[in-house]
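Here the protein sequences come in this chain order: R and P.
Using the numbering used here, you'd call the opening residue of the first sequence number 457 and step up by one each time.
Using the numbering used here, you'd call the opening residue of the second sequence number 18 and step up by one each time.
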Amino acid sequence: MKWNRRKLIDRIMSNMSAACVVIAIIPLVSILYTVTINGISAINLDFLTQLPKPVGEPGGGLGNAIQGTFIVVGIACLIGLPIGILSGVYLSEYGENRFGRFISFVADVLTGTPSIVAGMFAYTFIVLYFKSFSAIAGGVALSVLMIPIVTRTTEESLKLVPGSIKEASLALGIPKWKTTLYIVISTGKSGIITGALLAIARISGETAPLLFTSFGNMFWAKRLDKPISTMPEQIYTYAIAPYPDWHAKAWAGALVLIILILVLNIGVRFVTRRKYGM
Amino acid sequence: MNRRKLSGDFIFEAVVGFFALCILILAFLLFRELFVESGLSRNTFGLGFLTSSTWDPVKEVFGALPFIFGTLVSSFLALLIAVPFSLGIAIYLSELAPEKLRTPLSFIIELLAAIPSVIIGLWGIFILAPFIRDYLAPPLSTYLGFLPLFQGPMYGLSMLTGGVILAIMIIPITSSVSREVIMTVPTHQREGALALGATGWETTWIAVLPYARSGIFGAVILGFGRAIGETMAVTMVIGNSQKISGSLFSPSNTMASVIANQFSEATSNLHVSSLMEIGFLLLVISIIINIAARILVWKLLRVEGGGRA
């Protein structure tokens, strides 16, 4: 009797934990399904290349938002990638001391910064200074989110480079900085690129920090110091508006954004997995 | 020759060291900017800012209590839902699942974390909120309606919806960190229990989970940190009402959502400064939470030689 009860509990709990996995996957499936179904009907060439139209007028698209997203993410990369990658190099190659460990810890804690706080920071730092919402402010806000992620992934992937390779290079009389540049970094390159691409995927979908930095715009972007439209911000505007036509556009925009981000994510993981034979 | 080598090394280390220093400067500036900009609000309202529930931009009286309340309640609700699921997922994927399924399944669950929160919010408005209104709320109010938690009308956009959407969003991080922590538990722990005749579940419950306890706690705190900082999805489904209500069915608001909703429209200095103070609080809380979580998780992963936390 006792034996039976124990076996029964084992069965029940095992099945329950498997059920947890299934239930946790349901929202993901539902999101992908509804975004695809609702988005696909509104997507066409015009949607991807035209400017948005005012309420009531049919047609129009997200062309400028797609352009804006690339510009703002591009600015974020220009700021975030050099700082992130180089400080990652420092932490991995020179960071075995108090200062290095502290910075590594700070970077780790910064990855948990609420994204909206990064937006407020860019607002006080850039928007107040230029007295205008701007693409640059949006890029700065996103770079704040990007830097700690890139730093940590660079650090981790360079730490995986075997010490024997470094020692071999140093033993040949190659100075440490050249060893780091030509041996360590090029060995750990794929890890750094993976981290950078995942960080780009992450910030491309960020909305909160853009609401009061890049703000939004109904026209094509011409200048970096003026408000600019981005896909996430445009999706948000369309989603909370009371017009069914705009809702359809929100779904279509979501589909474009989700494809962009999932391609980056799945692609990157697929490539790295094959490389390391996992 | 020797000198050139030395100076090359020196320059390189100085350059990369400078960029590393940038991270410290960034962290300092983040903190300082929000602190300075919230000065006006701190001077005007003092500590009363935290305990007053009046938020009136017209009369310029600001108290953050409704938002602190909303953030805490929605995040705890999210934890209440997400923690059992995350634990189940972590246990299944590290202990019980067939070897072949483990990597693909955990990849799929972590994929949820890659979906932009604005898209989850969009799904929340049009799919989740109606679902909760039509299928979850009626039985709750029928069977548990005697509790003040489940009283009043339910329109879909509510604290409950906010909590559920947050739970969905923190499951990936809580479950994947828990899973990593559980995987660091030494095999001999399991073998000992199995040798004594424990079933698979008993092994997990008696020998594995207690060993990973502090790390799992860290994972939960990490999830909590995500929940309080999460903005868009919650903003879109929580209903944005400043009334403090005991019912999970009524609309509410969180610290992050009030910033998202009002910041770009705030015109008076005091209004902006008050929002800044909320942002500052959010930053401080998330820093504390992250430090606590990292320490708990790190202890395990670092000792066991695991790399990432």
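All C-beta atoms in this analysis are idealised placements derived from N, C-alpha and C, irrespective of residue type, glycine included.
Being a predicted model, the structure only gives us computed values, none of them experimental.
1. Using a Cβ-Cβ distance cut-off of 7 Å, determine whether Asn270 (chain P) contacts chain R.
2. With the cut-off set at 7 Å, would you say Ser680 (chain R) and Ile592 (chain R) are in Cβ contact?
3. Mind checking Trp676 (chain R): buried by the 16 CB within 10 Å criterion, or exposed?
4. In three-state DSSP terms, what is Ile312 (chain P)?
5. Does any C-beta atom of chain R lie closer than 7 Å to the C-beta of Thr61 (chain P)?
6. Exposed or buried, what is His703 (chain R) when buried is set at 16 or more other beta-carbons lying within 10 Å of its beta-carbon?
7. Measuring only the C-alpha atoms, how far is Leu139 (chain P) from Leu488 (chain R)?
8. DSSP three-state call for Phe79 (chain P): helix, strand or coil?
9. Given a cut-off of 7 Å, decide if Gly105 (chain P) and Ser473 (chain R) are closer than it, judged by their beta-carbon atoms.
10. Does Asn721 (chain R) come within less than 7 Å of chain P when only Cβ atoms are used?
11. Sorted by chain position, which residues of the same chain lie with C-beta nearer than 8 Å to Phe66 (chain P)'s C-beta, five sequence neighbours on each side aside?
12. Give the single residue among P:Thr204, P:Pro268, P:Thr201 and P:Asn257 whose Cα lies nearest to the Cα of Leu277 (chain P).
13. Would you check if the distance between the CB atom of Ala708 (chain R) and the CB atom of Ala498 (chain R) is smaller than 7 Å?
14. Buried or exposed: which applies to His288 (chain P), given that a residue is buried once 16 or more other Cβ atoms fall within 10 Å of its Cβ?
15. Taking a Cβ distance cut-off of 7 Å, strictly less, list which residues of the region 471–496 of chain R are near chain P, in chain order.
16. Over what stretch of residues does the alpha helix (DSSP H) that includes Trp140 (chain P) continue unbroken?
17. Scan the region 566–577 of chain R for residues whose Cβ lies nearer than 7 Å to a Cβ of chain P and list them as they occur along the chain.
18. Should Ile295 (chain P) be flagged as near chain R, meaning a C-beta pair shorter than 7 Å?
19. Which same chain residues, not among the five before or five after Val100 (chain P), have their C-beta less than 8 Å away from its C-beta?
20. Using 7 Å as the limit for Cβ to Cβ distance, is Glu50 (chain P) near chain R?
21. Quick one: which unbroken beta strand (DSSP E) runs of 3-plus residues sit fully inside the region 618–675 of chain R? Chain order, please.
22. Can you give me the C-alpha to C-alpha distance between Leu501 (chain R) and Ala695 (chain R), rounded to a whole angstrom?
23. Select from the region 108–131 of chain P all residues with a C-beta closer than 8 Å to any C-beta belonging to chain R, and list them in chain order.
24. State the DSSP-derived secondary structure class of Ser269 (chain P), mapped to helix, strand or coil.
25. 7 Å is my cut-off, CB to CB: does Met469 (chain R) come that close to chain P?
26. Examine chain R for any beta-carbon lying closer than 7 Å to the beta-carbon of Gly141 (chain P), and answer yes or no.
27. In chain R, what lies closer than 7 Å to Asn348 (chain P) by C-beta?
28. Measure the C-alpha to C-alpha separation of Asn307 (chain P) and Gly235 (chain P) and round it to an integer number of angstroms.
29. Out of curiosity, what's the CA-to-CA distance linking Ala2 (chain P) and Thr567 (chain R)?
30. Are there three or more Cβ pairs, one per stretch, closer than 8 Å when the region 268–275 of chain P is compared with the region 246–256 of chain P?
31. If Arg207 (chain P) sits next to Thr220 (chain P), beta carbons under 8 Å apart, how far is it from one beta carbon to the other, in whole angstroms?
32. What residues of chain P sit near Ala710 (chain R), judged by a beta carbon separation below 9 Å?
33. Identify, in the order they occur along the chain, each residue of the same chain with its Cβ nearer than 7 Å to the Cβ of Gln523 (chain R), setting aside the five sequence neighbours on each side.
34. Under the three-state reduction of DSSP, which class applies to Gly340 (chain P): helix, strand or coil?
35. To the nearest angstrom, report how far apart Leu161 (chain P) and Ala655 (chain R) are at their CA atoms.
36. Counting only the same chain and skipping the five closest in sequence on each side, list residues whose C-beta sits under 7 Å from that of Ile539 (chain R).
Let me spell this out:
1. no
2. In the sequence on display, residue 680 (chain R) carries Leu and not Ser. It is a contact, given that the beta carbons lie within the stated cut-off.
3. exposed
4. helix
5. no
6. buried
7. 12 Å
8. strand
9. yes
10. yes
11. Ser58, Arg59, Phe79, Gly80, Ala81, Ser291 and Glu294
12. The identity of residue 277 (chain P) in the sequence shown is Ala, whereas the question assumes Leu. It is P:Asn257.
13. yes
14. buried
15. Met472, Ser473, Ala474, Cys476, Val477, Ile479, Ala480, Ile481, Pro483, Leu484, Ser486, Ile487, Thr490 and Val491
16. Ser134 to Trp140
17. Leu566, Gly568, Thr569, Pro570, Ser571, Ile572, Val573, Met576 and Phe577
18. no
19. Thr191, Val237 and Gly240
20. yes
21. none
22. 21 Å
23. Ile108, Tyr109, Leu110, Leu113, Ala114, Thr120, Leu122, Phe124, Ile125, Ile126, Leu128, Leu129 and Ala131
24. strand
25. yes
26. no
27. What is shown of chain P runs 18 to 326, which leaves residue 348 (chain P) out entirely.
28. 9 Å
29. This structure cannot speak to residue 2 (chain P), because chain P is shown only from 18 to 326.
30. yes
31. 5 Å
32. Pro133, Val135, Ile136, Leu139 and Trp140
33. Trp676 and Ala677
34. As displayed, chain P neither begins before 18 nor continues past 326, which places residue 340 (chain P) out of reach and without an answer.
35. 44 Å
36. Ile603
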